[in-house]
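In the order they appear, the protein sequences are chains A and B.
Going by the numbering used here, the first residue of the first sequence is number 5, and it counts up by one from there.
Going by the numbering used here, the first residue of the second sequence is number 5, and it counts up by one from there.
Structure record follows, encoded as structure tokens.
Protein chains: 2
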Amino acid sequence: MKHIAESTVRRLSLYLRFLEELEGQGRETISSEVLADSGGTTSAQVRKDLSFFGSFGKRGLGYSVTALAKRLREILGLGQPWQVVIIGAGKIGAALAQYRGFRARGFHVVGIFDSDPAKVGRTLDGVTVSDLAQLERELKQLKPQIAVLTVPADVAQELVQRLTKAGVRGILNFAPATLHAPDGVTVRSVNMALELEILSYALAHER
Amino acid sequence: MKHIAESTVRRLSLYLRFLEELEGQGRETISSEVLADSGGTTSAQVRKDLSFFGSFGKRGLGYSVTALAKRLREILGLGQPWQVVIIGAGKIGAALAQYRGFRARGFHVVGIFDSDPAKVGRTLDGVTVSDLAQLERELKQLKPQIAVLTVPADVAQELVQRLTKAGVRGILNFAPATLHAPDGVTVRSVNMALELEILSYALAHER
């Protein structure tokens with residue numbers, strides 16, 4: 005794995021979003037200056053970010069919108085679809101299951117699991133909620149690479165182990181818990197209360 | 005404002021979460037080593053983080069759980085409740101309106117706004133969805149400090165301007181857009197598709 009900083013991946017993702025808008029508008033080329041604006045950075049940074057992955061663009065002509073978008077999708081691993089399961093069919097889990105932004109980027113929700121009998125059997129955006137007790141058995145069929153965890157904090161770590169044993173390699177965690185990822189597994193955490201606390205800190209310390 | 009790194013605020017928030025668990029269990033003191041484990045860091049880092057805000061703990065006795073939790077709540081601005089409005093009553097907005105984790109930390113949802121007539125008038129967790137056209141008038145009464153934005157990307161920046169003019173000082177943004185914050189306003193963005201792309205990058209570049 006090429007080790008590039010997370011901040012670089014973040015900018016590449018912003019460039020791609022902007023390039024796809026331009027593709028939709030039929031634009032053929034773009035300068036590094038305009039691309040820099042889209043990612044809130046400088047043209048020197050854009051050139052540095054992209055040169056890491058090879059040579060793009062012609063001096064004076066800028067980058068080809070289509071070719072650069074295609075290359076960025078490959079770099080970001082968006083060239084193929086990913087199979088995603090959601091663990092936890094509560095309010096956040098249900099909202100994510102129906103979130104159009106995932107499918108638009110090639111993340112396909114193929115399974116949803118919950119331990120609450122009242123939720124098992126319900127259908128969310130065409131996917132039926134399965135019993136969490138059947139997780140291992142169903143994952144053998146579904147073979148997801150990615151899991152989204154929207155469960156209470158006290159069961160999150162246990163689920164990381166179960167998912168990892170079943171072959172999941174990436175976990176997007178919404179539980180307010182610090183999770184330990186086994187080797188070869190990437191865990192990203194989104195903690196909404198924590199985001200609000202960072203805001204709260206900023207507001208409390210305003211001059 | 006004391007400028008401390010976001011990563012420090014993040015650790016303080018994790019320490020606080022852990023201290024509150026210990027308070028619930030009746031524990032009176034804690035060592036910097038155990039606190040370090042809770043935040044996934046070292047005891048030297050814990051002492052450094054806390055010393056920034058004054059002197060805590062006694063050599064050999066550790067920290068008082070209650071006193072340290074109280075001080076961390078003050079530092080994080082959690083000593084007082086914050087009034088929050090949610091802009092956008094779609095699936096994500098509705099899920100957030102009903103998210104218990106916000107209220108538990110003193111973030112009170114006092115208003116929800118949407119421009120869709122089908123959503124205006126509905127009640128989410130005791131709060132009625134108001135017409136976005138009435139935003140300025142209602143914010144005069146509600147006086148929120150914080151807004152959560154769950155609107156389409158193309159209207160997000162315009163709403164930042166309107167909210168800021170109405171006195172909002174912190175914005176938690178869920179729209180997939182890069183927002184420019186006016187002076188004195190803090191914007192935090194949570195981009196779920198981007199989080200998945202960072203996972204996707206890691207999976208695609210696995211050895």
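Even for Gly, the Cβ is constructed at its ideal location relative to N, Cα and C.
Between the beta-carbon of B:F117 and the beta-carbon of B:W86, is there less than 8 Å?
Position 113 of the second sequence, counted from the first residue, corresponds to residue 117 of chain B. Position 82 of the second sequence, counted from the first residue, corresponds to residue 86 of chain B. In this structure, B:W86 does not lie closer than 8 Å to B:F117 by Cβ.
Assess contact between the segment 77 to 96 of chain A and the segment 44 to 51 of chain A, defined as three or more Cβ pairs (one per stretch) separated by less than 8 Å. Is contact present?
no
With DSSP run on the structure shown, which of helix, strand or coil describes B:A48?
Looking up residue 48 of chain B in the second sequence gives position 44. For B:A48, the secondary structure class from DSSP, reduced to helix, strand or coil, is helix.
Are the C-beta of B:T230 and some C-beta of chain A separated by less than 8 Å?
With chain B covering 5 to 211 only, the question about residue 230 of chain B has no answer from this structure.
So with Cβ pairs under 8 Å, would you call A:R31 a contact of chain B?
For the purposes of this step, residue 31 of chain A is identified with residue 27 of the first sequence, where counting begins at 1. No, A:R31 lies away from the interface with chain B (no Cβ there is under 8 Å from its Cβ).
Any chance you could list the alpha helix (DSSP H) runs of at least 4 consecutive residues sitting entirely within the segment 116 to 175 of chain A, in chain order?
139 to 146 and 157 to 169
Using the beta-carbon count (16 or more within 10 Å), is B:G92 buried or exposed?
The count along the second sequence starts at 1 and reaches residue 92 of chain B at position 88. That one is buried.
Boundaries (first-last residue) of the alpha helix (DSSP H) holding B:R77:
Start at 1 with the first residue of the second sequence, and residue 77 of chain B comes out as number 73. Segment V69 to I79, the alpha helix (DSSP H) holding B:R77.
Between the C-alpha atoms of B:L43 and A:P186, what's the straight-line distance to the nearest angstrom?
Taking the first residue of the second sequence as 1, we reach residue 43 of chain B at position 39. Taking the first residue of the first sequence as 1, we reach residue 186 of chain A at position 182. Residue identity check: residue 43 of chain B is Gly in the sequence provided, not Leu. Approximately 18 Å, taken between the alpha carbons.
Comparing alpha-carbon positions, which option in B:E27, B:G28 and B:R173 lies nearest A:S204?
One-based indexing of the first sequence puts residue 204 of chain A at position 200. For A:S204, the nearest C-alpha among the options comes from B:R173.
For A:R75 and chain B, any beta-carbon pair shorter than 8 Å?
Sequence index remark: in the first sequence, residue 75 of chain A carries index 71 (1-based). It does not; no Cβ of chain B falls within 8 Å.
Host alpha helix (DSSP H) of B:V13 (start-end):
Against the second sequence, residue 13 of chain B aligns to sequence position 9. Segment E10 to G28, the alpha helix (DSSP H) holding B:V13.
Just to confirm the assignment, what range does the beta strand (DSSP E) spanning A:S193 have?
Looking up residue 193 of chain A in the first sequence gives position 189. According to the DSSP assignment, A:S193 belongs to the beta strand (DSSP E) that extends over T190 to S193.
Check the Cβ-Cβ distances between B:I116 and every residue of chain A, and say whether any is below 8 Å.
Residue 116 of chain B sits at position 112 when you count from the first residue of the second sequence. No, no contact with chain A.
So which residues of chain A does B:G105 contact, with C-beta pairs closer than 8 Å?
In the second sequence, residue 105 of chain B corresponds to position 101, counting from 1. Per Cβ cutoff of 8 Å: P180, M196 and A197.
Cβ of B:R14 within 8 Å of Cβ of A:L198?
Here residue 14 of chain B is taken as the residue at index 10 of the second sequence, counted from 1. Here residue 198 of chain A is taken as the residue at index 194 of the first sequence, counted from 1. Yes, the Cβ-Cβ distance between B:R14 and A:L198 is below 8 Å.
Given A:D129, which residues of its chain have a CB within under 6 Å of its CB, disregarding the five upstream and five downstream residues?
Taking the first sequence and counting its residues from 1, the one referred to as residue 129 of chain A is at position 125. The answer, listed in chain order, is A101 and Q102.
Locate the alpha helix (DSSP H) running through B:P108, then write down its first and last residues.
Start at 1 with the first residue of the second sequence, and residue 108 of chain B comes out as number 104. One point to set straight first is that residue 108 of chain B is Ala, not Pro, in the sequence displayed. Segment R104 to A108, the alpha helix (DSSP H) holding B:A108.
Relative to the alpha-carbon of B:I175, which residue among A:I175, A:L183 and A:A206 has its alpha-carbon at the smallest distance?
For the purposes of this step, residue 175 of chain B is identified with residue 171 of the second sequence, where counting begins at 1. Ranking A:I175, A:L183 and A:A206 by Cα distance to B:I175 puts A:A206 first.
Select from the segment 76 to 96 of chain A all residues with a C-beta closer than 9 Å to any C-beta belonging to chain B, and list them in chain order.
E78, I79, L80, G81, L82, G83, Q84, W86, V88, G94, K95 and I96
Chain B within 8 Å of A:T168, Cβ atoms only:
The residue labelled residue 168 of chain A in the question sits at position 164 within the first sequence. No, A:T168 lies away from the interface with chain B (no Cβ there is under 8 Å from its Cβ).
Is A:G97 helix, strand or coil by DSSP?
Counting from one through the first sequence, the residue named residue 97 of chain A turns up at place 93. Looking at A:G97 - three-state DSSP - the assignment turns out to be helix.
So A:S204 contacts chain B; which residues on that side make the cut at Cβ distance below 7 Å?
As a first step, residue 204 of chain A must be located in the first sequence, where it is residue number 200. Ordered by position in chain B, the residues that pass the 7 Å Cβ test against A:S204 are L80, G81, L82 and W86.
Would you mind giving the Cβ-Cβ distance between A:R166 and A:E140, rounded to the nearest angstrom? I have them listed as a contact below 8 Å.
Looking up residue 166 of chain A in the first sequence gives position 162. Looking up residue 140 of chain A in the first sequence gives position 136. Yes, they are in contact, since the Cβ atoms of A:R166 and A:E140 sit about 7 Å apart, within 8 Å.
The ligand COA and A:W86: does the residue's C-beta get closer than 7 Å to at least one heavy atom of that ligand?
The model on display carries no ligand, and the ligand COA is accordingly not part of it.
Cβ atoms of B:R75 and B:F57: under 8 Å apart, would you say?
Taking the first residue of the second sequence as position 1, residue 57 of chain B is located at position 53. Taking the first residue of the second sequence as position 1, residue 75 of chain B is located at position 71. Yes; because the gap between Cβ atoms is below 8 Å, this pair is in contact.
Any C-beta of chain A under 8 Å from that of B:T190
Numbered from its first residue, the second sequence carries residue 190 of chain B at position 186. So yes, B:T190 belongs to the interface.
Less than 8 Å between the CB atoms is what I'm expecting for A:E142 and A:G115, so what's the real figure, rounded?
For the purposes of this step, residue 142 of chain A is taken as the residue at position 138 of the first sequence. For the purposes of this step, residue 115 of chain A is taken as the residue at position 111 of the first sequence. At roughly 6 Å, the Cβ-Cβ gap stays under 8 Å, so A:E142 and A:G115 are in contact.
Enumerate in chain order the residues of its own chain whose CB-to-CB distance from B:V194 is below 8 Å, with the five nearest sequence positions on each side excluded.
Here the question's residue 194 of chain B lines up with position 190 in the second sequence. The answer, listed in chain order, is L176, N177 and F178.
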